[in-house]
Amino acid sequence: TNESFGLTTLRDRHVKVKGSTLRFEFRGKSGIRHSVDITDGRVARIVKQSQDLPGYELFQYVDEEGRRRCITSGDVNEYVRRIAGEAFTAKDFRTWAGTLLAARALRKYEDQCDSLAKAKRNVAAAIDAVARQLGNTKAVCRKCYIHPEIVHAYLDGTLLKSLGPNIHNGVPGSSQQLPREEAAVLRFLRNRILLSVGAAKGIAS
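In our numbering, the protein residues as written are 21 to 225.
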């Protein structure tokens, strides 16, 4: 079968719980096999309780009326919107992870970018690395999960200068307590987008 699974469509058979450790193994989109280990006692207890409910769906719960219900992608996105207070979805987390990983990967090629052709090869290598980490194809990863300004800025030579000599030191975290590396990438994207908007307004006027 070519059936693929995502977070809310996983079956009981796709996860093994041993103490506080969970191992997820399943076929995702594009037929890519995923094997993910998580160590978290609270999550392990919740997943085990869910597995003990009747049915083959992994993520389900019993509502106030005693009826068994499956958790859908809509439920997940509604939860994200509620706790974030803005129109975010689960995909935004994946896009942020892909963008951060791409910036980190391209940082490794700081001294290997002496021509546009070389820069494009570096971008391809970075996207390949990110795709492996996310479990996507390279095409899907670049199109859907890496902010295009990261790639554009690397190719025009401004990414590494903007992020500074050491992305892992980054800048002090924001009021929301972002890790320093994430704060550095976020600041870069905000500045880059503001410049793009300003340039567009200048052309329009």
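We put the beta carbon where it would ideally sit given N, CA and C, even for glycine. For clarity, every value in this text was computed on a predicted model and none was experimentally measured.
Where residue i and residue j are concerned, what is the direct C-alpha to C-alpha distance, given to the nearest angstrom?
{"i": "F79", "j": "D176", "result": "45 Å"}
{"i": "A139", "j": "T178", "result": "12 Å"}
{"i": "A159", "j": "G86", "result": "44 Å"}
{"i": "I91", "j": "V56", "result": "20 Å"}
{"i": "H172", "j": "L73", "result": "49 Å"}
{"i": "D134", "j": "F46", "result": "41 Å"}
{"i": "R53", "j": "G105", "result": "34 Å"}
{"i": "L198", "j": "D83", "result": "35 Å"}
{"i": "V143", "j": "R88", "result": "47 Å"}
{"i": "R114", "j": "E98", "result": "16 Å"}
{"i": "G155", "j": "L206", "result": "23 Å"}
{"i": "A137", "j": "R62", "result": "49 Å"}
{"i": "S195", "j": "F44", "result": "Unreliable positioning characterises S195 in this predicted model, as indicated by a pLDDT of 42, which lies under 50. A coordinate reading is not provided."}
{"i": "R102", "j": "I58", "result": "25 Å"}
{"i": "A151", "j": "K68", "result": "30 Å"}
If we call anything under 7 Å between Cβ atoms a contact, is residue i one with residue j?
{"i": "G15", "j": "Y165", "result": "Residue 15 lies beyond the range of the chain shown here (21 to 225); nothing can be said about it."}
{"i": "A125", "j": "A149", "result": "yes"}
{"i": "F108", "j": "V96", "result": "no"}
{"i": "E130", "j": "L209", "result": "no"}
{"i": "R127", "j": "I147", "result": "no"}
{"i": "D32", "j": "Y76", "result": "yes"}
{"i": "L120", "j": "Q153", "result": "no"}
{"i": "A64", "j": "L30", "result": "no"}
Taking C-alpha atoms, which residue in the options lies nearest to residue i?
{"i": "T28", "options": "S70, H172, T41", "result": "S70"}
{"i": "N211", "options": "T109, A122, S182", "result": "S182"}
{"i": "D60", "options": "L30, V37, A173, A145", "result": "V37"}
{"i": "I66", "options": "H54, Y81, I52, R53", "result": "Y81"}
{"i": "I170", "options": "I103, I213, D32", "result": "I213"}
{"i": "K49", "options": "H34, S24, R62, H167", "result": "S24"}
{"i": "R141", "options": "R43, Y174, R200, S216", "result": "Y174"}
{"i": "W116", "options": "E202, S40, R207, G155", "result": "E202"}
{"i": "A110", "options": "L136, G26, A145, L206", "result": "G26"}
Enumerate, from N- to C-terminal direction, the unbroken alpha helix (DSSP H) stretches of 4 or more residues contained entirely within the region 86-144.
93-104, 110-127
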